[in-house]
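Heads up: the sequence lines are chains A and B, in that order.
Just so we're aligned: 51 in the UniProt record's numbering is position 51 of the first sequence, and the numbers increase by one with no gaps anywhere.
Just so we're aligned: 19 in the UniProt record's numbering is position 19 of the second sequence, and the numbers increase by one with no gaps anywhere.
Even glycine gets a Cβ: it sits at the ideal position worked out from N, Cα and C.
Structure record follows, encoded as structure tokens.
Number of protein chains: 2
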Amino acid sequence: LTHTNSVPDRSNLIWRRLSLFVLASALCSCPCRAEDSAMENIVTEKKAEESHRQDSADLLVFILLLTLTILTIWLFKHRRFRFLHETGLAMIYGLLVGVVLRYAIHVPSDMNNITLSCNVNASPATLLVNVSGKFYEYTLKGEISGSEVNDIQDNEMLRKVTFDPEVFFNILLPPIIFHAGYSLKRRHFFRNLGSILAYAFVGTVVSCFIIGLLMYGCVMLMKQIGHLGGDFFFTDCLFFGSIVSATDPVTVLAIFNELQVDADLYALLFGESVLNDAVAVVLSSSIIAYQPEGDNTHTFEAMAMLKSFGIFLGVFSGSFALGVATGVVTFTKLRDFPLLETALFFLMSWSTFLLAEACGFTGVVAVLFCGMTQAHYTFNNLSPESQERTKQLFELLNFLAENFIFSYMGLTLFTFKNHVFNPIFIVGAFLAVFLGRAANIYPLSFLLNLGRKHKISPNFQHMMMFAGLRGAMTFALSIRDTATYARQMMFSTTLLVVFFTVWICGGGTTQMLSCQKIRVGVDTDQENFVSVFGLSTKQESAWFFRIWYNFDHNYLKPLLTHSGPPLTATFPACCGPLARCLTSPQAYENEEQLKDSDSDLILNDSDITLTYGDITVSTDATGAHTSGMPVGRVAVNSDEALDRELAFGDHELVIRGTRLVLPMDDSEPPLPLDSRRHRHKNETMS
Amino acid sequence: LTHTNSVPDRSNLIWRRLSLFVLASALCSCPCRAEDSAMENIVTEKKAEESHRQDSADLLVFILLLTLTILTIWLFKHRRFRFLHETGLAMIYGLLVGVVLRYAIHVPSDMNNITLSCNVNASPATLLVNVSGKFYEYTLKGEISGSEVNDIQDNEMLRKVTFDPEVFFNILLPPIIFHAGYSLKRRHFFRNLGSILAYAFVGTVVSCFIIGLLMYGCVMLMKQIGHLGGDFFFTDCLFFGSIVSATDPVTVLAIFNELQVDADLYALLFGESVLNDAVAVVLSSSIIAYQPEGDNTHTFEAMAMLKSFGIFLGVFSGSFALGVATGVVTFTKLRDFPLLETALFFLMSWSTFLLAEACGFTGVVAVLFCGMTQAHYTFNNLSPESQERTKQLFELLNFLAENFIFSYMGLTLFTFKNHVFNPIFIVGAFLAVFLGRAANIYPLSFLLNLGRKHKISPNFQHMMMFAGLRGAMTFALSIRDTATYARQMMFSTTLLVVFFTVWICGGGTTQMLSCQKIRVGVDTDQENFVSVFGLSTKQESAWFFRIWYNFDHNYLKPLLTHSGPPLTATFPACCGPLARCLTSPQAYENEEQLKDSDSDLILNDSDITLTYGDITVSTDATGAHTSGMPVGRVAVNSDEALDRELAFGDHELVIRGTRLVLPMDDSEPPLPLDSRRHRHKNETMS
């Protein structure tokens with residue numbers, strides 16, 4: 001049994017490229033005047049320039065890969081081909097390029113690059129090397145296994161296209177997660193908050209332990225029949241459980257959007273996927289932190305277990321608090337300058353990530369909650385142009401990062417040099433993932449249905465079971481550390497799980513929807529008309545939710561945004577002066593207009609904008625028409641107000657339907673309803 | 001005379017931070033099972049985590065600096081305070097933080113980080129170190145001077161806030177330059193193309209040599225009186241001349257926009273500033289490439305000179321061709337999917353940079369011409385939403401990069417450790433910069449006025465002289481290499497030149513404008529009415545410009561965009577079938593509408609959108625109204641058509657003025673002219 005502590009994946013393209021920039025300039029910049037070294041310098045300069053060019057060319061390959069993906073996506077969308085999502089496509093292209101790089105191209109590497117070995121007694125981060133009187137600074141890149149030392153020369157090409165795993169976690173993942181938080185459909189999300197939290201927290205932990213236990217059984221079996229090539233501890237199994245429990249919101253939901261699937265199912269799946277990413281990342285870091293004292297680091301110990309649990313709670317709540325705090329702090333008043341506003345918004349989101357990392361929390365989790373808070377409060381303070389700009393900016397960043405991750409996933413299947421594909425482990429993992437998902441969805445749905453008025457029907461449950469794809473987060477967590485045998489086996493298996501779920505489950509979503517007889521093409525207008533006439537909206541008004549909702553609506557919103565009722569109306573009479581100075585002047589104007597923004601939804605272009613009239617309407621007719629609707633807002637604290645508010649978009653639609661017969665006001669007349677609806681349809685298609 | 005080949009500036013925050021990510025994960029990922037090393041590992045892990053946190057905190061400082069800048073900019077704009085531009089402000093904040101970092105904070109650095117020295121005989125790019133049986137990989141970071149070796153320990157803090165100079169050149173500069181190219185005001189730019197090219201090419205070269213010669217005289221003087229602490233060759237003087245000849249378009253033009261200064265002056269200054277950046281960067285690299293054969297590398301040699309000239313021409317034209325080619329290639333047909341379109345556009349721009357670098361050309365120059373080509377052709381093919389999105393995206397990137405560079409400039413005045421401030425050199429440099437600018441503007445203007453119908457008046461010349469600020473490009477070129485004494489002196493002096501010009505010239509622009517009696521607040525409507533009635537537009541219709549213009553309009557535009565006349569109308573009759581298959585179907589429709597896009601201008605928000613009616617109008621009234629104007633387009637090749645076209649926006653405005661009395665069509669009625677103009681005014685203010 002050999003420990004192949006190899007870190008070829010530590011070498012990476014970007015830093016390598018950039019460090020070569022540095023190298024190149026460092027070499028250019030010491031034009032030693034001594035005549036004997038001048039010639040030598042020119043040679044090294046040439047070499048550095050050469051490798052800079054090579055690196056630019058390598059990066060160009062990635063960009064062309066992305067370009068190709070975009071063009072093919074366009075073709076697919078154009079032809080309404082739904083069996084393969086863009087992420088699946090990106091993976092296929094990545095696979096192809098990986099095959100080419102692995103088998104077709106063989107670049108003879110420059111032997112001069114890597115030659116020296118010197119014996120010292122420690123491995124500091126920075127090393128000073130004395131070369132015949134001159135000092136050179138070196139930085140540590142990572143450990144290399146003995147077997148790799150000779151190998152390094154051959155793999156120059158593969159090493160170059162291998163990114164640092166931390167790039168995924170610290171650069172590519174944050175925009176994806178932030179965008180997910182920023183684009184949560186808020187009305188349906190809050191309606192189903194209880195269920196979503198249950199699935200995300202309880203469900204993910206259950207799934208993690210079920211998978212961990214099953215995999216431990218599998219590993220035991222492998223050890224019995226001698227199929228195991230290295231150590232594999234129970235903590236490793238749990239770690240595997242935690243990383244494959246993170247489901248990906250991207251693929252299925254894109255199809256859901258296109259087909260206009262039931263909004264509650266959408267909210268359940270999206271909310272669960274987004275939140276369980278956060279749970280999984282904190283869970284996995286708590287599992288890593290499990291370190292019992294004493295000699296054997298892999299025995300069970302209650303104290304260490306408790307400590308891990310404490311870390312989970314601490315890191316999660318810390319990241320949560322930080323994200324929410326930064327989201328709330330971004331209270332912009334820069335409405336007149338959209339560029340400044342957008343820049344500020346972007347910088348605040350990024351600083352959330354850095355702040356969380358600096359405090360020792362998890363940046364990704366903080367960014368998620370920051371996005372949600374900003375969508376809930378800050379978004380309402382932004383000028384309409386900034387709302388559009390921030391939405392589009394994060395959409396673009398998300399799109400690029402996502403496609404990059406998925407195509408890189410395909411690439412690593414061939415370029416990663418330390419794959420450990422173990423058939424028994426793979427079969428066991430697929431089974432465990434399936435059972436883990438089942439143990440998450442079905443029992444929880446049963447329990448939740450006991451409390452829900454609007455039950456989660458069996459076909460919804462089957463759909464949620466089927467739609468548990470694994471994606472970017474699972475990949476980023478598993479590639480983060482591939483040093484030990486156990487981790488390498490996990491990484492290889494995880495790749496296969498991701499491929500399978502994205503291609504098979506992602507591709508089969510349309511079939512599954514029709515098979516489960518789930519309504520597609522739901523005309524959300526009609527659904528809303530129904531709810532106005534008294535059917536739904538009360539489905540999940542649990543008491544804690546109502547309390548929070550009222551608190552949010554009456555105190556937080558007026559305090560943090562320009563919308564909602566003025567604080568003077570909601571504060572007790574004794575706090576009048578305080579309330580008056582805290583309320584923004586705009587809130588008084590808004591009181592008349594009922595411009596509450598609970599239906600201001602931040603949606604993807606591909607989302608069903610039709611349902612949520614507020615943004616559209618206020619853009620179209622400058623809000624004047626809404627003044628004819630003095631409902632609600634008197635009984636601020638009552639449940640009725642909440643219901644009315646949740647159904648706000650619905651009222652809106654009714655009014656919009658009847659407004660055409662009203663006498664026109666002198667402002668710009670609205671577009672005919674048909675043409676407007678047509679425009680929305682077009683947007684939905686894109 | 002000692003050679004202080006120091007490279008403390010090579011160390012950098014980002015790569016250091018990221019390499020520490022790598023380091024951290026590398027250390028986390030080799031949990032050597034041997035019990036004796038477990039403890040050691042945990043300690044190193046802790047250390048790595050600690051420094052990761054520290055790095056996040058450092059980066060956070062930069063982000064907060066930017067945030068502070070944005071908030072202050074907002075305050076200034078809000079209060080209409082014009083004496084200090086945002087870039088000047090960013091520099092001041094940078095200076096303050098630099099002072100604090102230098103004098104107030106002293107972080108005792110971890111002595112364990114940098115300890116080892118081992119004697120080897122070469123300095124390879126990658127070093128393998130054998131530490132008691134384990135191999136570690138190290139990468140070369142740069143050379144360190146003997147005197148710096150002990151110093152390294154103390155400067156940990158300053159080293160951390162010092163970025164790699166190549167970051168500026170390869171990451172921060174490209175978006176700025178691209179944005180400049182993408183937002184050139186095209187109509188006035190093309191009208192003044194000849195003059196702009198003369199200023200940019202002839203002027204920059206003249207300025208470079210004048211400054212170089214003056215500085216050589218200054219250096220000779222210093223050598224005589226013993227004030228020179230190191231070598232300073234004539235090539236160094238020329239290099240200095242080339243880097244300080246690059247003028248910055250940002251600061252003055254922002255003020256020009258706000259005050260609505262004469263559009264021709266604007267076009268001259270902006271065009272010159274943008275293009276001379278490109279000239280300066282290629283010029284400086286050609287000067288570095290000047291390497292005479294033989295022993296003394298600093299004698300004059302005709303062959304080497306010719307070779308440098310050849311490099312200049314080769315690199316410039318290569319970068320130009322590449323940029324234009326990629327710009328033309330981006331021929332999108334993805335109009336229905338703005339997100340895909342924007343992503344594609346962004347990736348193509350980036351790949352231009354990489355492609356140019358991979359081919360050995362200058363990426364920055366390629367990106368500039370790519371931006372200009374995309375603005376001229378590709379922009380017309382984009383969907384309206386993508387036009388908006390790309391504009392906003394690059395505007396944001398430009399804004400962030402620019403403010404970052406300027407605040408970093410302020411920072412380096414205190415954190416850079418190898419400043420060489422030589423009073424004589426500094427005085428000489430200021431004088432040389434002044435005279436170099438004068439030798440560029442006045443003689444050239446005189447010569448150009450001989451050929452121009454619409455003369456460049458003396459007060460315009462004085463204004464151009466005054467507005468020659470130095471900015472981001474000068475800084476990036478000078479910080480790129482600070483290894484020798486000469487380069488360090490240049491860098492320090494350049495910093496002062498930039499500070500002076502940005503604060504004094506930038507801040508005094510308003511005063512200078514009123515002092516030179518240059519019309520501000522030009523109502524571009526009125527100006528256009530005048531030109532319609534026959535006054536201007538012919539001012540610079542040199543024959544080569546007319547030929548190119550006609551070729552572009554009749555063949556390139558129809559071929560590459562959906563606008564312009566169909567090729568069937570412009571090709572000779574014999575090429576009919578070919579023309580038919582090359583013309584896009586939309587071009588035929590457009591023929592009726594006269595939807596030529598020479599007045600489709602890509603402007604900053606702060607630009608004077610009023611002049612260029614096309615975008616606005618086609619958005620407002622869906623183009624239907626323009627069909628009542630069947631002028632031109634029959635005599636396609638005549639000069640009259642060209643003039644009419646250049647004045648297209650003007651016709652447009654006349655028609656817009658009269659359209660209000662026409663019977664309304666059944667589409668959405670246009671806003672009243674007053675309210676529309678009011679809206680524009682608001683945009684212009686922002």
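Among the residues of the stretch 358-370 of chain B, those with a Cβ less than 9 Å away from any Cβ of chain A are Ala358, Cys359, Gly360 and Gly363, in the order of the chain.
Residue contact check for Gln224 (chain B) against chain A: no CB pair falls below 8 Å. Among the residues of chain B, those whose CB is under 9 Å from the CB of Gln392 (chain A) are Pro338, Leu339, Thr342, Glu385, Glu388, Arg389, Gln392 and Leu393, following chain order. Of all residues in the stretch 69-84 of chain B, those with a C-beta nearer than 7 Å to a C-beta of chain A are Ile70, Ile73, Trp74 and Lys77, reading in chain order.
Of the residues assessed, Ser317 (chain B) falls on the exposed side of the cut-off, its CB having fewer than 16 other CB atoms within 10 angstroms. Taking C-alpha positions only, Ala57 (chain B) is separated from Met222 (chain B) by approximately 44 Å. For the stretch 390-419 of chain B, the beta-carbon criterion of a distance under 9 Å to any beta-carbon of chain A is satisfied by Gln392, Leu393, Glu395, Leu396, Phe399, Leu400 and Asn403. Under the three-state reduction of DSSP output, Arg389 (chain A) falls in the helix class. Put simply, the CB of Trp548 (chain A) is far from chain B, with every gap to its CB atoms at 8 Å or more. Residues of chain B whose Cβ lies closer than 8 Å to the Cβ of Thr67 (chain A) are, in chain order, Leu344, Leu347, Met348 and Ser351. Following the DSSP letters along the chain, one finds Ile92 (chain B) inside the alpha helix (DSSP H) bounded by residues Glu86 to Val99. One thing to note: Phe76 (chain A) has its Cβ within 8 Å of the Cβ of Leu84 (chain A).
Listed in chain order, the positions of the stretch 443-477 of chain B with a beta carbon within less than 7 Å of a beta carbon of chain A would be empty, since no residue qualifies. Taking C-alpha positions only, Tyr216 (chain B) is separated from Gly226 (chain B) by approximately 15 Å. Less than 8 Å separates the beta-carbon of Ser284 (chain B) from that of Phe239 (chain B). When DSSP assignments are scanned along the stretch 238-324 of chain A, no uninterrupted stretch of beta strand (DSSP E) that is 3 or more residues long falls wholly within it. Under the DSSP assignment, Trp503 (chain B) falls outside any alpha helix (DSSP H); it carries neither an H nor an E label. Residue burial annotation: Ile456 (chain A) is buried, with at least 16 other C-beta atoms found within 10 angstroms of its C-beta. Under the DSSP assignment, Ser207 (chain B) falls in the alpha helix (DSSP H) whose first and last residues are Thr204 to Gln224. Across the set A:Thr501, A:Gly508 and A:Ser478, the C-alpha of A:Ser478 shows the shortest separation from the C-alpha of Asp236 (chain A). Counting along the chain, the unbroken alpha helix (DSSP H) around Tyr182 (chain A) starts and ends at Leu173 to Tyr182. Residues of the same chain with a CB within less than 8 Å of the CB of Pro338 (chain B), apart from the 5 flanking positions on each side, are Ser383, Glu385, Ser386 and Arg389 in chain order.
As DSSP reads the structure, Arg470 (chain B) sits in a beta bridge with B:Thr247. Residues of chain B whose Cβ lies closer than 9 Å to the Cβ of Leu64 (chain A) are, in chain order, Leu347 and Ser351. In the three-state DSSP reduction, Asn192 (chain B) falls in the coil class, being neither helix nor strand.
At least one CB atom of chain B sits nearer than 8 Å to the CB of Ser56 (chain A). A check of alpha carbon separations from Ser349 (chain A) across A:Ser514, A:Asp262, A:Gly181 and A:Ser195 identifies A:Gly181 as the nearest. Measuring C-alpha to C-alpha distances from Asp231 (chain A) to each of A:Leu560, A:Ala486, A:Val502 and A:Tyr555 identifies A:Ala486 as the nearest.
In summary, Gln260 (chain B) is buried, with 16 or more beta-carbon neighbours lying within 10 Å of its beta-carbon over all protein chains present. Residue-level contact by beta carbon holds for Leu355 (chain B) and chain A, with a gap shorter than 8 Å. Residue nearest to Met305 (chain B) within the set B:Arg470, B:Gln291 and B:Leu334 is B:Gln291 (criterion: CA-CA distance).
Counting only residues of its own chain and dropping the five nearest sequence neighbours on each side, Leu89 (chain B) has a CB closer than 8 Å to the CB of Thr69, Thr72, Ile73 and Phe76. Each residue's CA atom was taken as its position, placing Arg79 (chain A) and Glu258 (chain A) some 14 Å apart. Assigned with DSSP and collapsed to three states, Val364 (chain B) falls in helix.
Restricting attention to alpha helix (DSSP H) runs no shorter than 4 residues, the stretch 365-444 of chain A encloses them at 384-415, ordered along the chain. Contact between the stretch 245-259 of chain A and the stretch 270-281 of chain A is present, with at least three C-beta pairs closer than 8 Å.
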